[in-house]
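Working notes, structure below.
Numbering (UniProt numbering), first residue to last: 1 to 131.
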């Protein structure tokens, strides 16, 4: 999915029914039973991480190379919110002919893999952006 999908999902301004046509065809296939994973990039306060909605393992995988302990719970809540938004979108009548795979993303467990490589915080490199 493109980055703006997460912005729609997290903003509370747009319902899935309002934006489904923006994603249908280019990003979403009508055959949802053929989809194993959906990759959703999320940007929070200039920080990027990836949420993977894994339909096979029924998990939300959060990949963050610069994790922040204070914001970890917020990232998990946002992952659930984005996945629930996707669930509502996929429950639209457009997909009625392919209900062989019921999507219930709101029950998926959010997790971060152990041993994920992380970046080191380099304050010197960040200073150049402020001047």
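Each residue gets a CB set at the ideal place from its N, CA and C atoms; glycine is no exception.
These figures come from a predicted structure and were not determined experimentally.
Quiz item: Does DSSP put residue 139 in a helix, a strand or coil?
Solution: A question about residue 139 goes unanswered here, because the residues of the chain that appear run from 1 up to 131.
Self-check item: Local Cβ density within 10 Å of residue 14, reported as buried at 16 or more and exposed below that
Solution: exposed
Exercise. Put residue 111 into one of helix, strand or coil per three-state DSSP.
Key: strand
Quiz item: Who are the near neighbours of residue 22 in its chain, counting only those whose CB is closer than 7 Å to its CB and skipping five residues on each side?
Solution: none
Quiz item: Which of helix, strand or coil does DSSP assign to residue 136?
Solution: Lying outside 1 to 131, the shown extent of the chain, residue 136 is not represented and no answer is given.
Quiz item: Where DSSP assigns a beta bridge to residue 49, which residues make up the other side?
Solution: 42
Self-check item: Helix, strand or coil at residue 129 [DSSP, three-state]
Solution: Because residue 129 sits at a pLDDT of 48, beneath the cut-off of 50, its placement in the model cannot be relied upon, and the point is left open.
Quiz item: Are the beta-carbon atoms of residue 54 and residue 37 separated by less than 8 Å?
Solution: yes
Practice problem: Kindly indicate which three-state DSSP category residue 54 falls into: helix, strand or coil? | Solution: strand
Exercise. Given a cut-off of 8 Å, decide if residue 118 and residue 67 are closer than it, judged by their beta-carbon atoms.
Key: yes
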